[in-house]
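Undergrad:
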Amino acid sequence: MSALSIEHLTVALPRGADRPYALRDVSLSIAPGEILCVVGESGSGKSVTATTIMRLMAPGVRVEAGRVMLGEADLASLPDEALRRLRGRRIAMVFQEPMTALNPLMAVGDQLAEMWRTHTDLPAEQIAERSLAALREVALPDPEGALRAYPHELSGGQRQRVMIAMALALEPELLICDEPTTALDVTTQAQILTLIRELQRRRGTAVLFITHDFGVVAEIADRVAVMQQGVVVEQGSVKQVLTAPSHDYTRRLLAAVPGLRAPPAREISPEAVLEIRNLGKTYRPAGIFRRRRAARALDGVSLTLHRGSTLGIVGESGSGKSTLARCAVGLLGFDGGEIRIAGRPLPRARQAAAHLVQMVFQDPYASLNPRRKVGDQVAQGPIAAGTARAKALAEAAELFALVGLEPSALARFPHEFSGGQRQRIGIARALAMKPEVLVADEPVSALDVSVQAQVLTLLRELQARLGLSILFITHDLRVAAQLCDEVAVMQNGLVVEAGPIGQVFEQPAHAYTKSLLAAVPGRAVLGV
Amino acid sequence: MRRALLAYIRNPAAVLGAALVLAVLAMGLAAPLLFPNDPLGLAGRPLQWPGANPRFPLGTDPSGRDIMAQLFHGARVSLLIGFVATLVATAIGIAIGALAGFYSGFVDTVLMRLTEAFQTLPNFLLLLVLVAVFGSQIETVTIAIGLVSWPPVARLTRAEFLTLRTREFVQAARVQGLSDLHLMLREVLPNALPPVIVYASVVMAVAILLESALAFLQLSDPNVPSWGNLIGLGRNVLRVEWYVSAIPGVAILLTILGVSLVGQGLNDALNPRITGR
Amino acid sequence: MRIISLAAKRLAASLPTLLLILVGIFCLLQFAPGDTVDAMLAQMGGGDAAIAADLRRFYGLDLSVAEQLTRYLWRLVRLDLGFSAIYGKPVATVILERLPATLSLMGASLSFAFAAGMALGVIAARRVNRWPDTLISTLGLIFYATPSFWFGLMAIVLFSVHLQWLPAGGFGDVAMGYTGARRVLDIAWHLVLPTLTLGLIFLAIYLRIMRASMLEVLSLDFVRTARAKGLRETRIITRHVLRNALLPMVTLIGLQAGTMLGGAVVVESVFSLPGLGRLAYESVVQRDLNTLLGIVFVSALLVIAVNFLVDMLYARLDPRIGA
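Listed in order, the protein sequences are those of chains A, B and C.
Numbering that gives the first Met the number 0 applies: residue 0 is where the first sequence begins, and numbers increase by one.
Numbering that gives the first Met the number 0 applies: residue 0 is where the second sequence begins, and numbers increase by one.
Numbering that gives the first Met the number 0 applies: residue 0 is where the third sequence begins, and numbers increase by one.
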């Protein structure tokens, strides 16, 4: 007898969407007390599966066929009031974005207490006791304070803990987690995954866990279902699917997952093309009455990038790696230290700096101007520097060919390209200025894992052909392992450890590096 | 662009709005052809009811002037004033908002203080002061209306510029070495304009209302056949010949309704949401 | 404590704005053809140049602009608004006499527009795209497009002339000599039509903003969380959606304060109410520039005061402000 059984579910999207069906004939089942991970890329339908179970779909999305059986009841056809009574009590859900999942105007304690107030008749003191106990169980550092606090006073990880406490308050049979750790730092992610596993084991709750990360799957799943374009392509125990996948797509996905073991080190030139010495940057809060302390984003950072090699900067949010990238490229001024490119200090004049260092940005959807042709956007840098328009466009066409796009694409607009293609355009745009140094700020973090692998391969090829020197910012250590020759680990505005990547990852010296490496999910099962 | 146009045409309210505006435009254009005589000249016996005399389908006002002629000529006045005042307000507002939003810091503070000063003073009051100082000629009134209407446009433009300035494509252009002028005009402005264009319809509606209110109080140009003027004249005969005030008011209502519907239609067409209104 | 310090900061920030307004308007008025003395002479039925020069010296109108401005600002700090040549009384007295009518009108209109706009906006949002929504939204659009003075006149025709339910104007029936509660009721009865007239366009604006705000908040993540918790729809609306949706409305009150004061000019004219708006109109027509300046000052103060209260209210509603 399964806790939840999805039978031949077909879910249609509203008119005008990019595809007619979100789910087609999907069948899944979860046994009581087990963790089922549903994994897939964007467009696979995994999130729609999660929201359809409790009928929380976006407006216009509707169930066309199939049943969702929770015990004897078919959730897809249950009347609204009966479904409402089930929600929170027999099934609960944790969502992806902790920053927006809680009502910003209501205290955390009140939102937690709502669970008991809605579904039970308990008196106020008992509800208060249980709220406190629930927060203690999810290991919040100051449970009493958290009850009185407002959501904006807690961190992302703390808010997810509150969400989990709310979800498990009434001891539901099934917990649905829709990518709950995707928006969190890797160390916080590790903590939340451990928490979910512990609570699940203690209470015997069945868990449906949606994710795009095979590492997470390896870390917590009992069984796995792989989805592609609204269809379940493979299901089975985690051991079977991860070590002996039967479907082609699963094999391709697994092959695209980067491992932590770096390829053998290659020969790198001793010449330093980018030198950062003792860089400092402080953010001073604006306004007449300054109450907050100044935040020290960079506290004396020193690095060297050698010509023709890739230096990875890894760290979590708040480490200062993004600030470093923006200082290196001239977007941000700095308060101390120096930046030298090819022996000379980084010029303040925009045009002069443009020939020395260029940047590839993180968000493929925000890094191109939606109202201009992509060819113009790639060529505008050289044109502003004095190149004739025809020549600049011809060079842009060559660059497009180099990054794997058709030269005819120059005349199209950004919305006609996919995420991976847009990143290629971004790379072409950066290369158009023929810079000495290329700064890549999390260029693959917003891409699906299969597209990610393609872009990383492209960067490797370009480096080999053009002798590029790349400063590669990322939070994902596995990506760093695949691309970088050397790595620097940052924490709180300081470089805590640096060196050749094989050495740092296999014999980490600093405690923080060790904790980062330990937090990478799924190392044991995936064997990386 | 074509997608937006199609979306607009499929919206019945937006089409109605466009029809109303075109009708008023037609009235204004046809005025010198249908009513070649001075609409403010004596035409017949005063205070005739609509339909009583076939020569005056909408009757005559207390001074014996043809109401229908004034209605048609008034259409020109309203649309012209609305359009020019909106142009003035939008030009000033975009310039100030763009500079404030792009540069931040000192420039922003100064410009925002200026905007706040204009907004703290009730705009009709400022309009009265301007008319008191500079006179009631129609050109003065039009520019004055533009001068009191720019602050909301500036705020909107500034908000758009503040958001867009930190977008990655703007930063990318900066890193490519492009100048501030290029960034403002070719990267940010084309993306900031759509909501401002939509808001221009609100500015136009307000401009027409302001002019008619001014005319109602007999503070606008008396030599111009404004709808508001007619409503003001009808005030003294309200008890019996209320049609003198009623008819031009309906005209104003329909014009503003049309302009508002066009604005809403533009908004819905440029910001489509699959989930429906 | 946090709220008071926040509000004090905002208040201090509005002082330069006030200064800018006063200096600006003062300089603007220097361009006016004819000054107070001309108006006085016109009232007196004419006079020769010598009398005019004497009067100018008496009122300090012969000094340079900069000196006049400094004297004026200095007097303002002591809340001395000067003397109205037309009314023969200090400007401050004239304004204070007219203030109650305007404040009652604005207070009543704001309350009416806010309450009705909020209620109708919530209904429209909850029944979005169905007939209540279409009806309410259409009505809102028509109210927005209706010129207030025209509506006032038509309302007088219908309710005063034909139906004879409500009075056609005036701030209470002075001839009857009511006192106490009866007087208050009489004033309220006379304010029904003016309140409706002034509040109409703001009702339309609040309605539209409330509806849009509700729809926006209903699509936010935390509402989905509340549904996932199994909360009743009514509780979701009242405890989660409403408070969040009200925030833009509260801001709007502050932004619309000035516009409402401007609207009062016209409405007071239509209904013959002895308020500040009508005083402004009369000052313009009679060239009483002192009074006009005084009204500008008081209006700006009023708008700043309203914004101050709005900021305090907003800070109370939203714990994220000043955090």
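Using N, Cα and C, we set each Cβ at its ideal position, and we do this for glycine too.
Note that the coordinates shown come from a computational prediction; the quantities given were computed from them, not determined experimentally.
Rounded to whole angstroms, what's the CA-CA distance from residue 10 of chain A to residue 315 of chain A? Just pull it up for me.
TA: Cα-Cα distance, rounded: 38 Å.
Undergrad: Give me the Cα-Cα distance between residue 24 of chain C and residue 246 of chain C, rounded to the nearest whole angstrom.
TA: Approximately 33 Å, taken between the alpha carbons.
Undergrad: Smallest Cα separation from residue 421 of chain A: which of A:391, A:359, A:474, A:482?
TA: Taking only the C-alpha atoms, the option nearest residue 421 of chain A is A:359.
Undergrad: Would you list, in sequence order, the uninterrupted alpha helix (DSSP H) runs of no fewer than 4 residues that lie entirely inside the segment 131-159 of chain A?
TA: Taking only runs of at least 4 residues, the alpha helix (DSSP H) segments lying wholly in the segment 131-159 of chain A are 142-147.
Undergrad: Less than 9 Å separating the beta-carbons of residue 194 of chain A and residue 163 of chain A?
TA: Yes. Within cutoff.
Undergrad: Report buried or exposed for residue 90 of chain A, applying the criterion of at least 16 other Cβ atoms within 10 angstroms of its Cβ.
TA: Buried, since its Cβ has 16 or more Cβ neighbours within 10 Å.
Undergrad: Quick one: measure Cβ to Cβ for residue 135 of chain B and residue 37 of chain B, integer angstroms, because I've assumed they're closer than 8 Å.
TA: In fact, because the Cβ distance is near 19 Å, the residues do not count as touching under 8 Å.
Undergrad: So, residue 48 of chain B versus residue 87 of chain B, is the Cβ gap smaller than 9 Å?
TA: No, they are not a contact pair.
Undergrad: Please confirm if residue 167 of chain B has its CB atom under 9 Å from at least one CB of chain A.
TA: Residue 167 of chain B counts as touching chain A.
Undergrad: For residue 289 of chain C and chain B, any beta-carbon pair shorter than 9 Å?
TA: Not an interface residue.
Undergrad: With DSSP as the reference, label residue 240 of chain A as helix, strand or coil.
TA: Helix.
Undergrad: Can you find the residues in the same chain that come closer than 8 Å, C-beta to C-beta, to residue 198 of chain A, ignoring five residues on each side of it along the sequence?
TA: If we look at residue 198 of chain A and ignore the five residues flanking it on each side, its Cβ neighbours are 136, 137, 163, 167, 204.
Undergrad: Exposed or buried, which one is residue 263 of chain A when buried takes at least 16 other CB atoms within 10 Å?
TA: That one is exposed.
Undergrad: Please identify, using Cβ separations under 9 Å, the residues of the segment 211-224 of chain C that lie next to chain A, in order along the chain.
TA: For the segment 211-224 of chain C, which is checked against every Cβ of chain A, the residues closer than 9 Å are 218, 219, 220, 221, 222, 223, 224.
Undergrad: Does any residue of chain B have a CB that is nearer than 9 Å to the CB of residue 24 of chain C?
TA: Closer than 9 Å to some Cβ of chain B, the Cβ of residue 24 of chain C qualifies, so yes.
Undergrad: What's the call for residue 152 of chain B, buried or exposed, on a 16-neighbour Cβ count within 10 Å?
TA: Label assigned to residue 152 of chain B: buried.
Undergrad: Below 8 Å, how does it come out for the segment 140-150 of chain A and the segment 197-213 of chain C: are there three or more Cβ pairs, yes or no?
TA: With the cut-off at 8 Å, the segment 140-150 of chain A and the segment 197-213 of chain C do not touch.
Undergrad: If I follow the unbroken beta strand (DSSP E) through residue 422 of chain A, where does it start and stop?
TA: Segment 418-430 is the alpha helix (DSSP H) holding residue 422 of chain A; no beta strand (DSSP E) there.
Undergrad: Would you say residue 491 of chain A reaches chain C, if we count a Cβ-Cβ gap shorter than 9 Å as a contact?
TA: Not an interface residue.
Undergrad: Buried or exposed: residue 441 of chain A, going by 16 or more other Cβ atoms within 10 Å of its Cβ?
TA: Buried, by the Cβ-count rule.
Undergrad: If you drop the 5 nearest sequence neighbours on each side, which residues of the same chain put their C-beta closer than 7 Å to that of residue 17 of chain A?
TA: Excluding residues within five positions, none has a Cβ falling inside 7 Å.
Undergrad: Can you find a C-beta in chain B that's less than 9 Å from the C-beta of residue 243 of chain C?
TA: Output row for residue 243 of chain C: interface = no.
Undergrad: Quick one: does residue 211 of chain B have its CB under 9 Å from some CB of chain C?
TA: By this cut-off, residue 211 of chain B is an interface position.
Undergrad: Are there any heavy atoms of the ligand ZN lying less than 8 Å away from the beta-carbon of residue 482 of chain A, as far as the coordinates show?
TA: No copy of the ligand ZN appears in this structure; indeed no ligand is present at all.
Undergrad: Is residue 47 of chain B close to chain C, meaning its C-beta is less than 9 Å from at least one C-beta of that chain?
TA: No, its Cβ sits nowhere closer than 9 Å to a Cβ of chain C.
Undergrad: Taking DSSP as the reference, what is the three-state secondary structure of residue 207 of chain B?
TA: Residue 207 of chain B: helix per DSSP, three-state reduction.
Undergrad: Please classify residue 52 of chain C: is it buried, with 16 or more other beta-carbons within 10 angstroms of its beta-carbon, or exposed?
TA: So residue 52 of chain C counts as exposed.
Undergrad: Count the other CB atoms within 10 Å of the CB of residue 414 of chain A; is the residue buried (16 or more) or exposed (fewer)?
TA: By the 10 Å Cβ count, residue 414 of chain A comes out exposed.
Undergrad: Mind pulling the chain C residues with CB within less than 7 Å of residue 100 of chain A?
TA: Here the neighbours are 220, 221, 224.
Undergrad: Report the CB separation of residue 255 of chain A from residue 449 of chain A in whole angstroms; it is logged as a contact under 8 Å.
TA: With a Cβ gap of about 5 Å, residue 255 of chain A and residue 449 of chain A count as contacting.
Undergrad: If you scan the segment 95-145 of chain B from start to end, which runs of the beta strand (DSSP E) of 3 or more residues do you find wholly inside it?
TA: With a minimum length of 3 residues, no continuous beta strand (DSSP E) run stays inside the segment 95-145 of chain B.
Undergrad: The beta strand (DSSP E) spanning residue 485 of chain A covers which residue range?
TA: Unbroken beta strand (DSSP E) run through residue 485 of chain A: 485-490.
Undergrad: Can you tell me which residues form a DSSP beta bridge with residue 499 of chain A?
TA: Partner(s): A:485.
Undergrad: Using 9 Å as the limit for Cβ to Cβ distance, is residue 15 of chain C near chain A?
TA: With 9 Å as the cut-off, residue 15 of chain C does not count as an interface residue toward chain A.
Undergrad: Once you ignore the five residues that flank residue 26 of chain C on each side, which residues in its own chain have a CB closer than 8 Å to its CB?
TA: Correct list, in chain order: 64, 68.
Undergrad: Quick one: measure Cβ to Cβ for residue 65 of chain A and residue 13 of chain A, integer angstroms, because I've assumed they're closer than 8 Å.
TA: No, residue 65 of chain A and residue 13 of chain A are not in contact; Cβ-Cβ is about 18 Å, not under 8 Å.
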